Amino acid sequence: MRATALIGLLALSCNDGDELEVEPAPFGDCDPIDEGLCALPWPSTFFMTEDASTPSGWTNDLRPATMPLNRDGVQMAPKYWNEKDGTSTLGPIMFYFRDVDGADLVGHPDVGAYAGDDATIVLIDAETGERVPYFAEVDATAEIDRERLILMRPVAPLRHAHRYVVGVRGLKKTDGDPVDLTDAWLALRDDTPTDTWDIEGRRDYYDANIWPLLEAQGFARSELQIAWDFVTISRESSLGRAEWMRDDAAEREGTDGPDYVINQIQDDDCEAGATIGRTIYGEMTVPLYLEQDLPGSLLTRDDAGQPYYNGDTQVEFMVRVPCSLIEEPRPGLILQYGHGLLGDFGEARTGYLSQMADEYGWVVIATNWKGMAEDDRGAITLMLATDVSDFAMLPERTLQGFVEQDALLRLARGALASDDAVTFDGVSVMDPERFAYYGNSQGGILGAGYSGFSTQLTRAVLGVGGMPYALLLQRSADFDPFFLVFKAKYTDHRDISFLIGAFQTVWDPGEGSGWAWAMNAEPGEGQVAKDVLMQVGIGDAQVSTLGAHIMARAYGAKTIAPETRPIWGVEEAEAPFTGSAIVEWYYPDGAEEPVENLPPDHDADTHECPRREPAAHEQLRDFVETGVINQYCDGICEGVRAETCD
């Protein structure tokens, strides 16, 4: 907003003496219209500068003093946020009123109320003037009422490089009185002169760009309790570096894939009842784009801030050949598997996956999710406990992981497919033309990003996944240990909730959120639209189904008739059909899903259930082999948690 504000300043400083004169000055470190935190409301053009050189027309301009300070006196530096030309397309919109009553907010059980005449909050697309669907909630993760932010969440990805306006009215405190408004906000809204440029410098901007849009949606200026705008990040700023890395690596690797060696072959006795007859362990040589191939490392940056090739690195991988293909050699589908939270590729040895591979004749390949694998656990914890300024290390190392996953698939379709280790009776059991991705939990979250990133994949099965992380973390029992780290370092829970939301801007390209439009709605250059099958469990205490619902809307997925429950914005369809789908499994003995941003009861968690359902296996088989979505449940998809998951 700064360029626009400066023009307004020059006009204001040349008045005839009837008004207060305010000298030109940069905006302050804190936005005075919301005194909950220095950086609130978030996101906001108050912390941006208009910049014609960027695709969005803006650049983030966060000041160091704006960001949270931990109890050790370490203040988060905004360096990696200021590289961007906007904020996340799926991150939360955050603001604060003390003692606010959440009863009048549009909650996720009733998303459709966002369009109602009595809605207390409106999110407007500034280009079209139309309302944008969202839900809002008072942060229940805070133990102290006065430390609860209001979290407003888009229910589908916002457009890249787009401006949005937020307006709030009619909110009350828990005692029934209207929420308290800041003096700065009242001065801005009511045209009361002040001696601060943080208010005077944006009057013209509000007159031209904010008040008219709100009034057109029935939000009268006089009733507004707070209002502001923000600009989302452009696709180029969010994904450009990742796409360059992907394309550069593919050119270096060639059609045969990267160089590789096989280190170990482990054969098991198929006649004795084994499902996997051969497990191959190898290493491939993959282009490196990190400063170092170590946990906690960031991407390389040239003078323009772009990554560059930094030599090669050795990456371990595993191949699992089922007995069915060894006993009757034939080309089998290549199934790339993605492991769960901070784990490793050894998860691909799981019994249910081995049984599926044997029954359906699939070769399973896997490597680690660099950036969010077991080896990264210590570096992530240390960063959270010391200085979150370097949070970008997590998604940036994950992007190197995407490059390595893509390299493994290219290798499996290339030179590895003709290796003697996967050849039986003169027949290769790996079909380079038949392949798909399958991942669960983190494998469904990062797998969404990797699938959007890859120019090879056309089908992906995302088990118990969701997006964005900023929504998932607070609703996940898995995040509890990291919450404890945060609580030990920040004295005010508002700082913790803000950080989780602010992280999303740099996290987007390292998970599904940044690639939401690229998956199939607007594939990038050189990409094809992907079809996605999501299999999730109601009552999941580790990955909230709300995140899967956001995925479903982003991908144009449908529920399968009879749908387990309606999902707002998702169409129900009779099977069989092609395209993308979401299937929710219901477990009567599973956990109830809280309305608040809290995890369900971990003792009744359904997270492990859908991947073990025989009907889900058959559905998955049809999808990865043919692209057809079929229904194998008798009625709604329902199971018994105690029999399936434990």
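First residue of the sequence shown? That's 7 in the working numbering, and the numbers climb one at a time after it.
The beta-carbon is built from N, C-alpha and C at its ideal position, and this holds for glycine as well.
Values in this document were obtained by computation on a predicted structure and should not be read as measured data.
Check: Length at least 4, wholly inside the region 570 to 637: the alpha helix (DSSP H) runs in chain order; Outcome: 620 to 632
Check: Cβ-Cβ distance between G346 and Q448 below 8 Å; Outcome: yes
Check: Segment limits, alpha helix (DSSP H) that includes T4; Outcome: The chain is shown only over 7 to 652; residue 4 falls outside these bounds and no answer can be derived.
Check: Exposed unless 16 or more other CB atoms sit within 10 angstroms - verdict on D662; Outcome: The displayed coordinates of the chain run from 7 to 652. Any statement about residue 662 would go beyond what the structure contains.
Check: R209, DSSP secondary structure in three states; Outcome: helix
Check: D486 in three-state terms, based on DSSP; Outcome: helix
Check: Residue range of the unbroken beta strand (DSSP E) whose run includes R355; Outcome: No beta strand (DSSP E) holds R355; DSSP gives it neither H nor E.
Check: C-beta atoms of R284 and I340 nearer than 8 Å; Outcome: no
Check: Close Cβ partners of L75 (< 7 Å) along its chain, the five nearest in sequence each way excluded; Outcome: Q81
Check: Environment of T612 [buried if 16+ CB atoms lie within 10 Å]; Outcome: buried
Check: Cβ distance (whole Å) where R159 is taken to contact L468 below 8 Å; Outcome: With 8 Å as the limit, R159 and L468 do not qualify as a contact, their Cβ atoms being about 20 Å apart.
Check: When L220, D197, L219, P218 are compared against R209, the one with the closest alpha-carbon; Outcome: D197
Check: The alpha helix (DSSP H) enclosing V409, as first and last residue numbers; Outcome: 399 to 419
Check: Range covered by the beta strand (DSSP E) that runs through M158; Outcome: 156 to 160
Check: Cut-off 8 Å between Cβ atoms - residues of its own chain near I642, not counting five sequence neighbours on either side; Outcome: P568, E569, T570, Y592
Check: Proximity winner among G585, G562, E580, S550, relative to V601 (alpha-carbon distances); Outcome: S550
Check: Span of the beta strand (DSSP E) around I33; Outcome: Looking at the sequence shown, residue 33 is not Ile but Phe. Run containing F33: none; DSSP gives neither H nor E here.
Check: Three-state secondary structure (DSSP) of L452; Outcome: helix
Check: Closest residue to E153 among F504, P616, D628, P115 (Cα-Cα distance); Outcome: F504
Check: Burial state of E27 (16 or more Cβ within 10 Å); Outcome: exposed
Check: Assigned exposure category for G260 - 16 Cβ within 10 Å defines buried; Outcome: exposed
Check: Residues near K178 in its chain [Cβ-Cβ closer than 7 Å; skip 5 each side]; Outcome: D107, D110, P184, V185
Check: Residues bridged to A256 [DSSP beta-bridge criterion]; Outcome: According to DSSP, A256 bridges with nothing at all.
Check: 6 Å Cβ shell around S395 - same chain, five flanking residues per side excluded; Outcome: M82, A83
Check: Limits of the beta strand (DSSP E) - the one that M3 falls within; Outcome: As displayed, the chain neither begins before 7 nor continues past 652, which places residue 3 out of reach and without an answer.
Check: Integer-rounded CB distance, given that Y102 should sit under 8 Å from D40; Outcome: 6 Å
Check: Coil, strand or helix - W375 by DSSP; Outcome: coil
Check: Three CB pairs or more closer than 8 Å across the region 312 to 324 and the region 359 to 378; Outcome: yes
Check: Coarse secondary structure for N66, derived from DSSP in three states; Outcome: strand
Check: Which of helix, strand or coil DSSP assigns to V370; Outcome: strand
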